[in-house]
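Notes to accompany the following structure.
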Amino acid sequence: MKSDYVTHEELNHFEDNLRHEIKESQLETKNSITDLSGKIDKVSANIDTKFEKVNTHFEIINTKFANQKVWIITTIVSTVGVGVGLLSFIMNLMLHK
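Counting from 1 along the sequence shown, just add 78 to a position and that's the residue number in my numbering.
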């Protein structure tokens with residue numbers, strides 16, 4: 079008997095084994111994809127958290143600059159007001175002498 083030939087029973091057995099291996103491989107691939115998807119979700123959430131922290135820091139800095147701008151404008155207006163008041167008082171004294 080030649081070894082180049084197989085029986086139907088051997089062929090069916092080989093086919094069943096091959097189908098079983100393919101199903102196992104598909105299941106392993108599906109599990110790997112699910113695990114990878116979970117890891118990608120974690121990384122994405124971590125990136126979102128980092129961006130939120132950066133945005134919060136920029137908002138804090140922006141608020142500080144806005145407060146400084148208001149403080150500087152208020153100081154300048156107050157200084158100019160006092161200066162104008164003093165000059166007008168001095169001019170008034172000089173004119174009425």
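Backbone N, C-alpha and C fix where the C-beta goes; we use that ideal spot for every residue, glycine too.
Given this structure, state the Cα-to-Cα distance separating residue i from residue j, to the nearest angstrom.
i      : j      : result
ASP119 : THR107 : 18 Å
GLN104 : LEU114 : 15 Å
ASP234 : TYR83  : The chain is shown from 79 up to 175; residue 234 falls before or after that span and cannot be answered.
MET79  : GLU88  : Since pLDDT at MET79 reaches only 48, below the 50 mark, its modelled position is unreliable, and the value read off the structure follows with that caveat. Approximately 15 Å, taken between the alpha carbons.
Residue i by DSSP, collapsed to three states: which one?
i      : result
ASP126 : helix
SER103 : helix
ASP82  : coil
HIS174 : coil
Grab me the residues of residue i's own chain with a C-beta within less than 6 Å of its C-beta, minus the 5 sequence neighbours each way, in chain order.
i      : result
SER81  : none
GLY116 : none
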